[in-house]
Every structure is written in C-alpha cells, then in structure tokens.
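When we follow the numbering used here, the leftmost residue of the sequence shown carries the number 9, and every step to the right adds one.
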Amino acid sequence: MKTIHAVIMAGGLGSRLRPLTYVLPKPLMPLDNETTIIEVIISQLCMVGVNRITITTGYFSDILSCYVNKKFSNQVRIDIVEEVEPMGTIGSLSLIQFEPDELILLLNADILTTLDFDLMIQQHISSKVLLTVATYPFPIVIEKGVITIDSDNYVSTITEKPTLKHNVSMGLYLINPEIVGMIPSEKKYDAPDLMNQLLAKGEKVGAFFFDGYWLDIGLPSDYEKALKEFPLKRKDLLKGENN
Numbered sequence: 009m010k011t012i013h014a015v016i017m018a019g020g021l022g023s024r025l026r027p028l029t030y031v032l033p034k035p036l037m038p039l040d041n042e043t044t045i046i047e048v049i050i051s052q053l054c055m056v057g058v059n060r061i062t063i064t065t066g067y068f069s070d071i072l073s074c075y076v077n078k079k080f081s082n083q084v085r086i087d088i089v090e091e092v093e094p095m096g097t098i099g100s101l102s103l104i105q106f107e108p109d110e111l112i113l114l115l116n117a118d119i120l121t122t123l124d125f126d127l128m129i130q131q132h133i134s135s136k137v138l139l140t141v142a143t144y145p146f147p148i149v150i151e152k153g154v155i156t157i158d159s160d161n162y163v164s165t166i167t168e169k170p171t172l173k174h175n176v177s178m179g180l181y182l183i184n185p186e187i188v189g190m191i192p193s194e195k196k197y198d199a200p201d202l203m204n205q206l207l208a209k210g211e212k213v214g215a216f217f218f219d220g221y222w223l224d225i226g227l228p229s230d231y232e233k234a235l236k237e238f239p240l241k242r243k244d245l246l247k248g249e250n251n
C-alpha cells in the first residue's frame, strides 16, 4: 500500500454561510457541543492510516492551525499551507512538496461522508489511472411535466415532475504526485481544469461511484441538515471512535 498524503482544502471564504463564518472558518463550525466538521474529517483520515495531512487555508488560518495541532498533534503530522490569494479548488497543490511514492488524497473541508477510503484507494491503484474522482448520483427534480415527442411530432410519454440523477463530484480525489506539475501556481485552478487537461492528453480519469451518505455543507440549509443528522450518523462517520 502506498503512503497516503491527505490534503484538506480549507481556503474558501465560506461566503454562502455568512454571517456564521464571520466568526469562525467553516471547517470549525460545530456539529454538536464538542465536534467540528474538520475534526470528523481528520479523524476519518487517521482511521485509514493517513501518514501526513496538509491543510490549505485562507482567512482565519491561525485559528484553524491552532485548533488542529492542539487536537491532533499526537496522532498525525499536520502541515498548514496558507493561500495568499484564492487559488481555486485544486490550485494550492502547487504550493506543496510531495514525495514520489506518495498518493495524494484530496478532499474539501466541508463534506461529511461515509465513503470507504480504502476501497477507493484500491480501485485507484488497480486501475493505474493518474486521477480518480469520487462521484455521487445527485437527484435533480424538474418542477414541470416533461413530455417526450416522437419523430412524427406525437406525444410519446408525459412524466409529471420527474427526478433525474446525474453523477456529480463529491469534492474528493486521489491524485498521483507526478501530475501536480501540471497545476499552475500563478492563477486559480479547479479540479475540472486538471481532469479536462488529462482527458485532452488522452489519459483516463477514474471514477469511484458512491451512493451512501454524503453531505456537502455549502448553504445554511446544508448546515442545518448536518446539525440534525450528525447525532444519527456519528457512529457511521466515526467507526473507530471509542465511545
């Protein structure tokens, strides 16, 4: 098994969660009286044997650094890399020095999921791709009646308010270190940019399909959902936790 270097992307402004994020960075938002979002993420990474964690930060960098090092200094090496300017969802990888034998596990700092990291790592290694993205079947409801018309302009079917599912990125990736050099350091750069660049070169990009629990905490309604669901999902999210 390769050495796993996890990178938690925490450089966003959390603007959609304001005014809450005027006081705390989003990763430090509490899920109960004692547990924060980033605490769940780091605990999960420790459970799967991650050797090193780098957190890329923006505003409130000092607060975040102090919190994670106080909480996890005896469990795993944690480095902080601060973005002077926002660098996009993946751009700050260009600021980090990776070892050739490391596998990069990149994830956003505002997601809760029960995804099996070990299974995703196994698939990535066995498929011999340079990048794997975790995907989720996201439901989209069309709030209208959808009509299918045949080639003769007759109605074939009418479906009232159908739900369609599209595979979306979970904000979680496995990346081989040899492609980090493709990421520019002088401008914003997002994960789709890297994937499209690989596809343009004829490389295959892996997809790890997951249909379990996943919550992207982007909006106030998402945070409210996290507060309600965390007590119910805690055991699944923190399987190795000593209760």
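Ideal Cβ positions, reconstructed from N, Cα and C, are used throughout, including at glycine. Quick caveat, the model's predicted, so the values are computed rather than measured.
Check                                                                                                           : Outcome
C-alpha gap between S177 and G96, whole angstroms                                                               : 15 Å
Those residues which DSSP pairs with F80 across a bridge                                                        : None; F80 has no bridge partner.
Spatial distance of I61 from E211 (CA atoms)                                                                    : 27 Å
For V48, the first and last residue of its enclosing alpha helix (DSSP H)                                       : I45 to M55
Pick from K79, T44, D109 and K34 that is closest to K10, judged by C-alpha positions                            : D109
Those runs of the beta strand (DSSP E) which lie wholly inside the segment 133–208 and span at least 3 residues : 139–149, 153–157, 163–168 and 171–183
Residues that DSSP places opposite F217 in a beta bridge                                                        : T143
For F80 and T143, the rounded distance between their alpha carbons                                              : 29 Å
Rounded straight-line distance, which links the Cα of P38 to that of S73                                        : 16 Å
Limits of the unbroken alpha helix (DSSP H) element including E237                                              : P228 to L245
Coil, strand or helix - M128 by DSSP                                                                            : helix
Selection from Y231, I129, A14 and D219 that minimises the alpha carbon distance to Q105                        : A14
Buried versus exposed call for S51 [16 or more other C-beta atoms within 10 Å across all chains shown]          : buried
Whole-number beta carbon distance between D118 and D224, since they are thought to touch under 8 Å              : 7 Å
C-alpha distance - Q205 paired with M128, whole-angstrom precision                                              : 22 Å
A14, enclosing beta strand (DSSP E) - first and last residue                                                    : T11 to A18
Contact set for V89: own chain, Cβ-Cβ below 8 Å, skip 5 residues either direction                               : T62, I63, T64, T65, S100, L103 and I104
For L227 and M55, the rounded distance between their alpha carbons                                              : 28 Å
7 Å CB neighbourhood of D40 in its chain, flanking five on each side removed                                    : F238 and P239
Own chain, CB closer than 6 Å to I148, minus 5 neighbours either side, in chain order                           : L172
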